[in-house]
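Novice: Structure incoming, see below.
Number of protein chains: 2
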Amino acid sequence: MMCEMSLRFRQLQAFHAIIETGTVTAAAAQLGISQPGLSNLLAQLEREVRFRLFERQRGRLVPTPEAEVLYREVETVVRGLDHVAQAVTDLQNKQAGQLQIASQHSISFGYMPRLIARFAADRPDMAITFQSQYSSKIQEWVASGLFEIGVCERPLLHDAFNVHAFHIETRIALPLDHPLTVYDVLTPEILDNTPFIVMGPDHMTHRRLRAAFAEAGATLNARVHSHLFRNLLGFVREGMGVALLDPFALEEEGDGRFTSRPFAPRILMDMVVITSKARPLSTVGRAFLDLLLDDLGKIAVKDSVRQANPSNA
Amino acid sequence: MMCEMSLRFRQLQAFHAIIETGTVTAAAAQLGISQPGLSNLLAQLEREVRFRLFERQRGRLVPTPEAEVLYREVETVVRGLDHVAQAVTDLQNKQAGQLQIASQHSISFGYMPRLIARFAADRPDMAITFQSQYSSKIQEWVASGLFEIGVCERPLLHDAFNVHAFHIETRIALPLDHPLTVYDVLTPEILDNTPFIVMGPDHMTHRRLRAAFAEAGATLNARVHSHLFRNLLGFVREGMGVALLDPFALEEEGDGRFTSRPFAPRILMDMVVITSKARPLSTVGRAFLDLLLDDLGKIAVKDSVRQANPSNA
DNA sequence: CACACATCATAAGTTTTGATGATGAGTCTT
DNA sequence: AAGACTCATCATCAAAACTTATGATGTGTG
């Protein structure tokens with residue numbers, strides 16, 4: 006009684022679009038094909054699975070319970086294809102250079118390009134690949150040998166890295182005309198109930214900020230949530246509140262639309278420079294890593310640039 | 006510079022198979038197509054993504070770092086298709102009946118069929134769908150309206166159910182010639198270091214069993230792990246050890262190759278009969294539910310068949 | 001060294017699948 | 001009853017997927 010069925014991806018994609026949009030016509034538009042084409046795909050699929058996926062009620066399609074169960078599985082597959090496409094464009098953007106460096110977004114706009122430029126000045130014929138990404142992606146890339154050197158935040162997800170840890174002290178960014186600019190150092194007490202622009206709740210610094218406020222018995226008034234330091238700054242510029250930022254994002258202070266103050270108690274960002282344990286560093290890689298660590302020593306919190314083992318969590 | 010790329014699923018499937026098997030020839034066999042066909046798909050994919058996925062070294066394919074990064078994304082998608090196929094066959098096995106009942110495996114061999122037979126005796130022209138599945142799948146099916154009545158174990162994963170809780174007391178099954186058959190009730194002290202056949206460590210009863218042994222300062226000697234009560238029984242029959250089982254599995258006691266004893270402290274299985282909050286029970290559904298709850302009252306631990314709210318975890 | 005047997009790539013030809021546009025039937029609105 | 005929707009069906013055609021046949025290259029063996 007077992008019979009061959011050949012679920013084709015196109016059919017699942019069609020099915021997915023129909024459930025999502027509610028009608029065949031709209032689904033066809035979403036996929037950029039004609040309505041009869043989609044009708045066919047659906048008919049094929051229903052013939053092959055041998056149960057109804059939709060009740061035809063008064064000319065409309067109403068998903069059966071079976072369809073809803075199936076949809077959950079199909080969802081994973083169809084959405085997954087988007088992820089693959091994204092991965093492909095990420096990989097396409099990587100040029101083949103002699104030295105590959107990836108760093109987390111917040112450090113990628115001002116600091117890293119400047120350092121790389123300085124490094125490349127003495128080496129005119131060397132090609133360097135530099136890319137900005139999320140911390141987890143950077144770790145994946147360095148682990149797989151796609152990039153030689155990565156700069157990202159903790160936590161580390163694998164154990165495949167040589168790790169150089171350093172810590173960056175965060176500061177509070179405020180609009181120029183903010184009343185609290187009169188203080189030299191800001192504390193939770195001073196900032197009690199002040200509108201705050203914060204990172205998503207899963208980010209380290211957010212949790213530490215919240216803890217600092219709780220400790221001081223102050224209220225953290227989280228007005229806007231965002232997920233890139235760079236975005237927070239935009240809101241600060243617009244005067245919507247204050248934000249806790251890393252000094253790299255604050256480099257643009259010169260634009261004169263916001264300023265910054267230290268925060269007490271200090272909140273540090275746990276950052277790391279990683280290289281792959283699996284393959285040894287190239288000569289240029291070594292040279293750049295030395296420059297990077299040396300330079301970070303000037304910015305980072307004292308005594309925090311050192312060799313260290315990866316600590317997960 | 007952005008150019009159109011049309012990642013076809015078949016190409017990803019090909020890529021996935023090649024990475025998995027290591028050679029094109031083997032991958033072709035796995036997918037059931039010819040080697041040149043696969044070679045073509047790979048060539049297409051490499052042309053479209055515009056970076057090498059494999060180095061051709063001495064006639065063999067060696068994945069590039071890019072390929073390994075891509076593989077992780079592709080993996081999700083391709084494996085997902087298998088899940089969809091599995092879901093489809095699950096759904097195909099469901100017949101269209103007026104009354105749909107699903108129950109967890111352990112209760113599905115003896116008890117439920119017998120009860121359903123009794124119920125159907127008075128109603129000769131009624132079609133009933135009955136299916137045995139894992140607890141989580143049963144919940145999904147009842148939640149989506151695919152089945153009217155489900156019998157499964159806690160924990161409940163949604164809040165979409167009307168819940169009737171009951172508790173089943175487990176017993177220790179032993180081979181007939183086991184020395185411990187001389188006891189009327191078995192305790193952790195008596196069973197200290199006795200070879201045990203146990204459920205996987207994620208199952209409730211396993212954790213409680215372990216706790217009971219720890220409390221008594223006895224050693225739980227887990228000799229075999231399995232994941233279906235029915236399987237445990239097979240090992241007991243073979244004399245490999247004793248096992249903690251629900252009374253439904255023990256119904257076959259008549260076969261004379263094992264026996265059972267109560268265990269102290271009592272270990273109960275948290276079970277529930279669920280129906281969907283979303284749609285009201287049909288008349289037959291109501292009737293069967295009444296019969297089921299009434300009958301469970303005779304088997305279950307006293308005072309434990311009652312209406313209750315779902316409690317998660 | 002020559003032979004058998006792997007590997008992957010290419011070419012040409014066939015079958016299957018996907019999509020189109022025209023058409024029709026049903027439902028709801030106005 | 002017209003018009004704007006829905007979805008299904010048909011004939012048709014192009015693109016994709018697969019086939020067989022063949023060649024180039026590499027490896028291991030007597």
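Going down the list, the protein sequences come from chains A and B.
Following my numbering, the residues of the first sequence are numbered contiguously, the last one being 318.
Following my numbering, the residues of the second sequence are numbered contiguously, the last one being 318.
Beta carbons: idealized from backbone N, C-alpha and C, even for Gly.
What is the residue span of the alpha helix (DSSP H) that Ile24(A) lies within?
Specialist: It spans Phe14 to Thr26 - the alpha helix (DSSP H) in which Ile24(A) sits, taken as one unbroken run.
Novice: I'd like to know if Arg61(B) contacts chain A, where contact means its C-beta is closer than 8 Å to some C-beta of that chain.
Specialist: Taking CB atoms only, Arg61(B) has no neighbour in chain A less than 8 Å away.
Novice: Tell me which residues of the segment 128-159 of chain A have at least one Cβ-Cβ distance to chain B shorter than 8 Å, keeping chain order.
Specialist: So the close ones are Glu145, Trp146, Ser149, Gly150 and Leu151.
Novice: Going by CA-CA distance only, name the one from Thr26(A), Lys303(A), Thr134(A) and Ala107(A) that's closest to Ser141(A).
Specialist: Ala107(A)
Novice: Can you name, in chain order, every residue of its own chain whose Cβ lies under 7 Å from the Cβ of Ala318(A), other than the five neighbours on each side?
Specialist: Note that Ala318(A) scores a pLDDT of 34, beneath 50, so its modelled location is shaky; the value from the coordinates is reported in the next line. These residues qualify, in order along the chain: Pro160.
Novice: Can you give me the C-alpha to C-alpha distance between Asp300(A) and Leu185(A), rounded to a whole angstrom?
Specialist: 32 Å
Novice: If I measure Cβ to Cβ from Pro193(B) and keep anything under 6 Å in the same chain, skipping five residues before and after, which residues do I get?
Specialist: Ala217, Phe218, Ala221 and Ala223
Novice: Compute the Euclidean distance between the alpha carbons of Asp295(A) and Gln105(A), then round it to the nearest angstrom.
Specialist: Rounded to the nearest whole angstrom, the C-alpha separation of Asp295(A) and Gln105(A) is 15 Å.
Novice: Could you tell me which chain A residues have their CB closer than 8 Å to the CB of His208(B), listed as they occur along the chain?
Specialist: Within chain A, no residue comes near His208(B); the closest Cβ sits about 24 Å away, beyond 8 Å.
Novice: Once you ignore the five residues that flank Ser309(A) on each side, which residues in its own chain have a CB closer than 6 Å to its CB?
Specialist: Annotation note: pLDDT 47 at Ser309(A) (below 50); position unreliable, no value reported.
Novice: So does the segment 53-63 of chain A actually touch the segment 84-91 of chain A, counting three or more Cβ pairs closer than 8 Å?
Specialist: The answer is no - the segment 84-91 of chain A does not touch the segment 53-63 of chain A, with fewer than three Cβ pairs under 8 Å.
Novice: Might you give, ordered along the chain, the residues of its own chain that have their beta carbon closer than 6 Å to the beta carbon of Gly155(B), omitting 5 neighbours on each side?
Specialist: Ala107, Ile143, Val147 and Ile279
Novice: What are the partner residues of Thr280(B), as DSSP defines its beta bridges?
Specialist: Ile154(B) and Asn167(B)
Novice: State buried or exposed for Thr175(B), treating a residue as buried only when at least 16 other CB atoms are found within 10 Å of its CB.
Specialist: buried
Novice: Would you mind working out which of Val306(B), Asn167(B) and Met131(B) sits nearest Leu273(B), comparing C-alpha positions?
Specialist: A check of alpha carbon separations from Leu273(B) across Val306(B), Asn167(B) and Met131(B) identifies Val306(B) as the nearest.
Novice: Less than 8 Å between the C-beta atoms of Val289(B) and Gln103(B), yes or no?
Specialist: yes
Novice: Answer with yes or no whether the minimum CB distance from Thr81(B) to chain A is below 8 Å.
Specialist: It does; some Cβ of chain A falls within 8 Å.
Novice: Report the residue from Met209(A), Asn226(A) and Arg215(A) whose alpha carbon sits nearest the alpha carbon of Phe234(A).
Specialist: Met209(A)
Novice: Span of the alpha helix (DSSP H) holding His337(A)?
Specialist: No answer is possible for residue 337(A): it lies beyond the span of chain A, which begins at 6 and ends at 318.
Novice: Indicate the three-state DSSP secondary structure (helix, strand or coil) for Asn198(B) in the structure shown.
Specialist: Coil.
Novice: How about Gln16(A): is its C-beta nearer than 8 Å to some C-beta of chain B?
Specialist: no
Novice: Taking its Cβ as the centre, do 16 or more other Cβ atoms sit within 10 Å of Thr199(A), making it buried, or is it exposed?
Specialist: With 16 or more other Cβ atoms within 10 Å, it is buried.
Novice: Any beta-carbon of chain A closer than 8 Å to the one on Gln40(B)?
Specialist: no
Novice: Is the distance from the Cβ of Glu145(A) to the Cβ of Val74(B) below 8 Å?
Specialist: yes
Novice: Roughly how many angstroms separate the alpha carbons of Phe3(B) and Leu36(A), rounded to a whole number?
Specialist: Because chain B here runs from 6 to 318, residue 3(B) falls outside it and cannot be looked at.
Novice: Return the CA-CA distance between Arg63(A) and Gly27(A), expressed in angstroms with no decimal places.
Specialist: Between the C-alpha atoms of Arg63(A) and Gly27(A) there is a straight-line separation of about 14 Å.
Novice: Cutting at 6 Å between CB atoms, please list the residues of its own chain near Leu66(B), excluding the five before and the five after it.
Specialist: Phe59
Novice: Can you tell me whether DSSP reads Thr337(B) as helix, strand or coil?
Specialist: This structure leaves residue 337(B) out entirely; chain B is present only between 6 and 318.
Novice: Once you ignore the five residues that flank Asn226(A) on each side, which residues in its own chain have a CB closer than 7 Å to its CB?
Specialist: Asn198, Thr199, Pro200 and Phe201
Novice: Rounded to whole angstroms, what's the CA-CA distance from Arg271(B) to Arg215(B)? Just pull it up for me.
Specialist: Their Cα atoms are separated by approximately 13 Å.
Novice: Candidates Val83(B), Ala31(B) and Ala122(B): which alpha carbon is nearest Asp130(B)'s?
Specialist: Ala122(B)
Novice: Can you grab the Cα-Cα spacing for the pair Leu238(A) / Lys282(A), in whole Å?
Specialist: Separation of Leu238(A) and Lys282(A) (C-alpha to C-alpha, rounded to the nearest whole angstrom) is 36 Å.
Novice: In angstroms, rounded to a whole number, what distance separates the CA positions of Leu298(B) and Asp189(B)?
Specialist: In this structure, the CA atom of Leu298(B) is about 30 Å from the CA atom of Asp189(B).
Novice: What number of angstroms, rounded off, separates the C-alpha of Met6(A) from the C-alpha of His110(A)?
Specialist: Low confidence applies here, because Met6(A) scores a pLDDT of 48, under 50, leaving its location unreliable and the question unanswered by this model.
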